[in-house]
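Colleague: If you read the sequence shown in the working numbering, its first letter stands for residue 585, the second for the next number, and so on. Backbone N, C-alpha and C define an ideal beta-carbon position, used for all residues, glycine too.
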Amino acid sequence: MKKFVAFMIVFLVVVGVALVATCPDKMAHYAAIRNVATAVVNAEMNQKEHDETLAAIGAMEGVVAVDNYLRMNLIVRDYTLYSVGYIIYNNDPRMVSVGLFKHVFTIKEDDAKRMLKSKLSLPNIIKQQQELKKYEGI
Numbered sequence: 585m586k587k588f589v590a591f592m593i594v595f596l597v598v599v600g601v602a603l604v605a606t607c608p609d610k611m612a613h614y615a616a617i618r619n620v621a622t623a624v625v626n627a628e629m630n631q632k633e634h635d636e637t638l639a640a641i642g643a644m645e646g647v648v649a650v651d652n653y654l655r656m657n658l659i660v661r662d663y664t665l666y667s668v669g670y671i672i673y674n675n676d677p678r679m680v681s682v683g684l685f686k687h688v689f690t691i692k693e694d695d696a697k698r699m700l701k702s703k704l705s706l707p708n709i710i711k712q713q714q715e716l717k718k719y720e721g722i
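(1) Where do the N-terminal and C-terminal ends of the alpha helix (DSSP H) with TYR673 fall, by residue?
(2) Give me the DSSP bridge partner(s) of PHE689.
(3) When you compare each of ASN657, LEU665, MET644 and LYS686 to VAL680 by their alpha carbons, which one comes out closest?
(4) From the DSSP output, which residues share a beta bridge with VAL660?
(5) Taking Cβ to Cβ, would you say MET629 is nearer than 8 Å to ALA643?
(6) Is ASP676 helix, strand or coil by DSSP?
(7) Specify the secondary structure class of MET629 as computed by DSSP and reduced to three states.
(8) Tell me the rounded alpha-carbon separation between LYS586 and GLY683.
(9) Report buried or exposed for ALA696, applying the criterion of at least 16 other Cβ atoms within 10 angstroms of its Cβ.
(10) Do you know whose CA, among ASP694, ARG698 and THR690, lies nearest ALA615's CA?
(11) In angstroms, rounded to a whole number, what distance separates the CA positions of LEU654 and VAL589?
(12) If VAL625 sits next to VAL650, beta carbons under 8 Å apart, how far is it from one beta carbon to the other, in whole angstroms?
(13) Considering only C-alpha positions, which residue in the set VAL597, VAL647, LEU596 and VAL660 is nearest to ALA621?
(14) Mark LEU700 as exposed unless 16 or more other C-beta atoms lie within 10 angstroms of its C-beta, in which case mark it buried.
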């Protein structure tokens, strides 16, 4: 019994050290969420009946808008063993990613699509561009 308890203690310490050493940083969360958002934007542009050139331009602009939105609204909290990514959505922080063991688990594309549709309306894009220019000028 003592060997089993000692083994479990050593095992838990090893797992704890591995979690601490492999906790993803903010850039890993940003890249994972950006990949999901880019896939959603590209899927939306491919579904629409647009000219191929216009769809490509729309997809590029959508990705730029998503990129700007993530830069301003992504919050990553590091809890030493794992990290959690939040996005401010309707003035409420929403969990969009969890990271552990150098991997970031993100929300489903359907959830991302719902969030993006409300945030990527033309008035919101214009507002985000103005806020970004304000921050870049500082």
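Modeller: Checking against the coordinates, here is how it stands:
(1) In the sequence shown, counting from the first residue as 1, residue 673 sits at position 89. Taken as a continuous stretch (DSSP letters only), TYR673 belongs to no alpha helix (DSSP H), being part of the beta strand (DSSP E) at 667-673.
(2) Looking up residue 689 in the sequence shown gives position 105. PHE689 is bridged by DSSP to VAL682.
(3) In the sequence shown, residue 680 corresponds to position 96, counting from 1. Measuring from the Cα of VAL680, the nearest candidate turns out to be ASN657.
(4) On the sequence shown, position 76 is the one that residue 660 refers to. DSSP lists GLY669 as partners of VAL660.
(5) What you label residue 629 is simply residue 45 of the sequence shown in a count that begins at 1. What you label residue 643 is simply residue 59 of the sequence shown in a count that begins at 1. Yes, Cβ-Cβ distance for MET629 and ALA643 is below 8 Å.
(6) Residue 676 sits at position 92 when you count from the first residue of the sequence shown. The answer is strand: DSSP assigns ASP676 an E or B state.
(7) Your numbering for residue 629 matches position 45 in the sequence shown. DSSP, read as helix, strand or coil, puts MET629 in helix.
(8) Numbered from 1 along the sequence shown, position 2 holds the residue referred to as residue 586. Numbered from 1 along the sequence shown, position 99 holds the residue referred to as residue 683. Cα-Cα distance, rounded: 34 Å.
(9) Here residue 696 refers to the residue found at position 112 of the sequence shown. Buried.
(10) Walking along the sequence shown from the start, residue 615 turns up at place 31. Nearest C-alpha to ALA615: THR690.
(11) For the purposes of this step, residue 654 is identified with residue 70 of the sequence shown, where counting begins at 1. For the purposes of this step, residue 589 is identified with residue 5 of the sequence shown, where counting begins at 1. Separation of LEU654 and VAL589 (C-alpha to C-alpha, rounded to the nearest whole angstrom) is 45 Å.
(12) Position 41 of the sequence shown holds residue 625. Position 66 of the sequence shown holds residue 650. Your pair VAL625 and VAL650 checks out as a contact, with CB atoms roughly 6 Å apart and the cut at 8 Å.
(13) Mapped onto the sequence shown, residue 621 falls at position 37. Nearest C-alpha to ALA621 among VAL597, VAL647, LEU596 and VAL660: VAL647.
(14) Locating residue 700 in the sequence shown gives position 116, where the first residue counts as 1. Flag for LEU700 reads buried.
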